[in-house]
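Using the working numbering, count along the sequence shown one by one with no gaps and you end on 236. Notes follow the structure.
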Amino acid sequence: MNKVALTTQQYVDYLKCVAAKIAAEKDYITELDAATGDGDHWANMNTGFTKLVEIEAQLRTCSFADLFKKVAMTIMSGVGGSSGILYASAYLKASSAVAEREVLDAQGLLDVLDAQLQGIMQRGNSKPGFKTMIDPLYQAVEAMRSTIAEGEVQAVETMRQGAKQGMEATRDMEAVRGRACYQANKGVGHLDPGAVTMYYQLDLLGQAALNSVGKQEA
Ligand code: ADP
Ligand code: MG
Numbered sequence: 019m020n021k022v023a024l025t026t027q028q029y030v031d032y033l034k035c036v037a038a039k040i041a042a043e044k045d046y047i048t049e050l051d052a053a054t055g056d057g058d059h060w061a062n063m064n065t066g067f068t069k070l071v072e073i074e075a076q077l078r079t080c081s082f083a084d085l086f087k088k089v090a091m092t093i094m095s096g097v098g099g100s101s102g103i104l105y106a107s108a109y110l111k112a113s114s115a116v117a118e119r120e121v122l123d124a125q126g127l128l129d130v131l132d133a134q135l136q137g138i139m140q141r142g143n144s145k146p147g148f149k150t151m152i153d154p155l156y157q158a159v160e161a162m163r164s165t166i167a168e169g170e171v172q173a174v175e176t177m178r179q180g181a182k183q184g185m186e187a188t189r190d191m192e193a194v195r196g197r198a199c200y201q202a203n204k205g206v207g208h209l210d211p212g213a214v215t216m217y218y219q220l221d222l223l224g225q226a227a228l229n230s231v232g233k234q235e236a
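Below you can see the structure in the form of structure tokens.
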């Protein structure tokens, strides 16, 4: 049974993995945002994920819809900067998209990621190619959508590759949104910090989804 079957408990475990990854990348992410922005992106993301870890016990009692809503509210109230409001919008849309689902298969995961993409694009008034966190998410969603008929594991693997390519592609882009667009060279030559932290999340989510394969009957 090569099926993804991500539970809410595994999703909370995943959020903790993201918190640990972000905490570990303090210098790198701060440097990236110092090059093209105001240097606070790591602090914003770290604050958000630290708050999520603090309410872990509460998150573990939730359905997916409530879990995503609580993540959105926690980020909204606790995180400054553009990324706070954009991630809150992403998780609010995800909460609606997940409806009554108790377990996410590959299609469920794709629906969640697509909802997050739409949420960020609407809230940020932005599109793929603008050198933002949208770029890895967009490529992840497109890669997953185009391979999902070939099998769930394949779709998750290509999702992770798409995320990486989308993140790497921001290096050569001229920024249209975010602080990098106020720079003379529009940030060309630098990765977008928001794209890098989005990539971490997508990569770890893919890993969590792959770990869930075959466990549903255990
Ligand atoms: P701020 O830019 O307010 O200091 P952060 O430093 O936390 O906020 O986040 C910056 C990141 O947010 C950027 O690297 C970019 O990926 C993303 N971002 C900024 N504005 C937008 C937007 N309008 N749409 C999508 N993403 C955006
Ligand atoms: Mg910033």
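Virtual Cβ for every residue (Gly too), placed ideally from N, Cα, C. Nothing here was measured: the structure is a model prediction, and the numbers come from that model.
Own chain residues within Cβ distance below 6 Å of residue i, not counting five before or after
i      : result
ALA236 : Any reading at ALA236 must be qualified, since the residue scores a pLDDT of 45, below 50, and its modelled position is unreliable; the value itself is stated next. Answer for ALA236: no residue qualifies.
ASP129 : ALA115
MET191 : LYS149
MET28  : Residue identity check: residue 28 is Gln in the sequence provided, not Met. Counting only Cβ-Cβ distances below 6 Å, and skipping sequence neighbours, we find ALA226, SER230.
VAL194 : PHE148
Contact test: residue i Cβ vs ligand 3 heavy atom, cutoff 7 Å
i      : result
SER144 : In the structure on display, ligand 3 does not appear, and the ligands it does have are ligand 1 and ligand 2.
Burial state of residue i (16 or more Cβ within 10 Å)
i      : result
ILE73  : exposed
THR68  : exposed
THR150 : buried
ASP51  : buried
ALA23  : buried
GLN134 : buried
GLN219 : buried
ALA117 : exposed
GLY207 : exposed
ALA38  : exposed
ASN143 : exposed
ALA202 : exposed
LEU222 : buried
ASN20  : exposed
ALA167 : exposed
GLY169 : exposed
Proximal residues to residue i (C-beta, below 7 Å), its chain only, five neighbours per side dropped
i      : result
THR65  : GLY96, VAL97
GLN172 : THR165
GLU160 : GLY180
THR48  : GLY57, TRP60
VAL30  : GLU74, LEU77, ARG78
ALA187 : ASP153
ALA158 : LEU131, MET177, GLY180, ALA181, GLY184, LEU220
From the options, residue whose alpha carbon lies closest to that of residue i
i      : options                        : result
GLN241 : GLY142, LYS34, VAL71, MET177   : Because the chain in this structure spans residues 19 to 236, residue 241 falls outside the shown range and cannot be described.
ILE138 : ALA38, LYS21, ALA213, ALA23    : ALA213
ARG163 : ALA193, ILE152, VAL194, LEU131 : LEU131
ARG141 : LEU110, ASP123, GLU175, LEU127 : LEU110
LEU33  : GLY169, LEU228, VAL89, CYS80   : VAL89
GLY205 : ARG189, ALA158, TYR217         : ARG189
Proximal residues to residue i (C-beta, below 8 Å), its chain only, five neighbours per side dropped
i      : result
TYR156 : LEU135, PRO146, GLY184
Length-filtered (4 minimum) alpha helix (DSSP H) runs lying within the segment 61-93 = Complete alpha helix (DSSP H) runs here, min 4: 74-77.
Identify every run of the beta strand (DSSP E) within the segment 106-168, keeping only runs that are complete inside it and at least 3 residues long; order them along the chain.
-> none
Mind the definition here: the segment 44-57 touches the segment 104-114 only if three or more C-beta pairs lie below 8 Å; say whether that holds.
-> No: the two stretches stay apart, fewer than three of their Cβ pairs being nearer than 8 Å.
Counting Cβ pairs closer than 8 Å, one from the segment 192-204 and one from the segment 28-48, do we hit at least three?
-> no
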